[in-house]
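Asks: FYI, the numbering for the sequence shown is 1 to 329, going by full-length UniProt numbering.
Beta carbons: idealized from backbone N, C-alpha and C, even for Gly.
For clarity, every value in this text was computed on a predicted model and none was experimentally measured.
Right, I'll just put the structure down here and ask away after.
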Amino acid sequence: MTEYKLEVTTGDGQEAGTWDHIFITLFGTEGKSERTELNNFGIDFATGTTGNYTISTNLSLGKLLLVKVEKDPALILSEDEWYFSKIVVTTPEGEAILFPCYRWISRGELVELRGGRALKAFEEDHPMLIDHRKQEMILRKSFYKWKVLAEGLSHINQFNYTSELPAEVSFSKSKSNEVHGVQMTAGIELKLKGLLGSQEHWESIEDMKNMFRWKKTTMSEYASEHWKEDDFYGFQFLNAVNPNMIKRCSELPPNFPVTEEMAKPFLEEGSSLQEELKKGNIFLYDQKRMDGIRPRVYNGEPLHVTLFGLREPRKQTDAHCNTVASTTF
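As structure tokens, then:
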């Protein structure tokens with residue numbers, strides 16, 4: 001009999017442990033082990049712990065290639081996700097091989113881990129690993145698909161509910177608890193301050209800071225200080241939920257009658273609009289698809305989306321009847 005020593009580590013995050021049954025199967029170049037439950041006396045897979053286990057085989061498995069991890073329910077308990085950090089397998093020859101995971105695992109999920117150094121696809125040299133990579137890609141393609149919400153709009157993922165998401169990409173228990181806790185605390189705070197359901201307008205950013213002085217993050221502080229700056233607005237525009245409508249342009253469209261004189265205050269000294277176009281520094285946000293859609297109204301006036309530092313036409317019509325608005329503060 002040959003023995004493989006296993007060190008199985010559970011993450012140290014909130015509720016990372018599990019009460020479920022964990023099974024391991026080792027795959028090597030010379031064969032595979034029996035499906036073996038990891039079960040010691042006492043509590044297994046508690047948060048932040050490492051358990052030691054042994055898997056016995058009749059013969060050596062050769063070079064270890066994969067570790068298959070399965071999680072079966074304990075009794076009739078509800079879903080009990082497990083944050084599996086890593087497993088280190090020590091072979092009979094004394095070689096310790098790391099099989100990293102570092103993600104949440106749910107019941108019935110197929111988890112097969114590779115050990116040792118990461119490889120590119122063309123570096124694979126064993127049929128089992130080549131097939132494993134192909135099967136993994138097929139599985140991921142079945143999970144992550146685009147769905148058309150409406151013709152002309154950006155596609156969305158195929159999942160209808162967050163509960164359908166794989167554990168790997170869904171909120172962890174600790175994150176879900178954090179979000180619910182923040183929502184509840186914020187609701188209570190707004191209620192006590194008489195703001196819950198209020199339709200009054202904020203007078204300034206400073207008023208908001210004073211009201212929520214204990215609710216600060218690095219990003220909220222940065223945004224409150226830099227929200228008027230062109231660079232920060234552009235960053236938000238490019239990295240927000242719908243960045244695909246802004247495009248670099250080499251020439252201005254006919255319904256965008258901006259002249260050199262109009263653009264001069266926004267350009268570096270000595271530069272011109274045509275030079276910036278040639279350099280690729282001019283971008284156009286075309287709202288033609290939005291033509292005819294009623295915008296939100298603020299103080300009786302429609303809100304227009306404007307890139308700071310540039311100008312925008314009010315309509316999608318020809319230049320001779322189209323006024324151009326300048327962005328100001």
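What does DSSP give as the partner residue(s) for His21 in the beta ladder?
Replies: Beta-bridge pairing links His21 to Asp72.
Asks: Taking C-beta to C-beta, are Leu61 and Gly31 nearer than 8 Å?
Replies: Result yes, Cβ atoms of Leu61 and Gly31 sit closer than 8 Å.
Asks: Please go through the UniProt domain "PLAT" (2 to 119) and give each complete beta strand (DSSP E) segment of 3 or more residues, from N-terminal end onward.
Replies: Taking only runs of at least 3 residues, the beta strand (DSSP E) segments lying wholly in the UniProt domain "PLAT" (2 to 119) are 2 to 10, 21 to 28, 50 to 57, 64 to 72, 82 to 90, 96 to 105 and 111 to 114.
Asks: Do the region 79 to 89 and the region 8 to 17 touch if we need at least three Cβ pairs shorter than 8 Å?
Replies: At 8 Å Cβ cutoff, the stretches touch.
Asks: So what does DSSP say about Ile205, is it helix, strand or coil?
Replies: Reduced to three states, the DSSP call for Ile205 is helix.
Asks: If distances are taken between C-alpha atoms only, which option among Phe84, Phe143, Asn52 and Ile188 comes closest to Pro166?
Replies: Checking every option, the nearest Cα to that of Pro166 belongs to Phe143.
Asks: Given this structure, state the Cα-to-Cα distance separating Ala186 from Ser154, to the nearest angstrom.
Replies: C-alpha separation (whole angstroms): 32 Å.
Asks: Select from Lys71, Gly28 and Asn58 the residue whose C-alpha is nearest the C-alpha of Asp44.
Replies: Selected option, being the one with the closest Cα: Lys71.
Asks: How big is the Cα-Cα spacing for Ala263 and Leu273?
Replies: Using only the alpha carbons, I get a separation of about 7 Å.
Asks: May I have the straight-line CA-CA distance separating Lys193 from His201, to the nearest angstrom?
Replies: The straight-line gap from Cα to Cα measures roughly 15 Å.
Asks: Is it true that the CB of Ser224 sits closer than 8 Å to the CB of Lys209?
Replies: Against a cut-off of 8 Å, the Cβ pair of Ser224 and Lys209 comes out as a contact.
Asks: What distance in whole Å lies between the Cβ atoms of Arg133 and Glu123, which are believed to be in contact at a cut-off of 8 Å?
Replies: Not really, about 11 Å apart at Cβ, beyond 8 Å.
Asks: Roughly how many angstroms separate the alpha carbons of Leu307 and Phe283, rounded to a whole number?
Replies: Interpretation of Leu307 is limited by its pLDDT of 48, a score under 50 that renders its predicted location unreliable; the figure taken from the coordinates is listed afterwards. Distance between the alpha carbons of Leu307 and Phe283: 10 Å.
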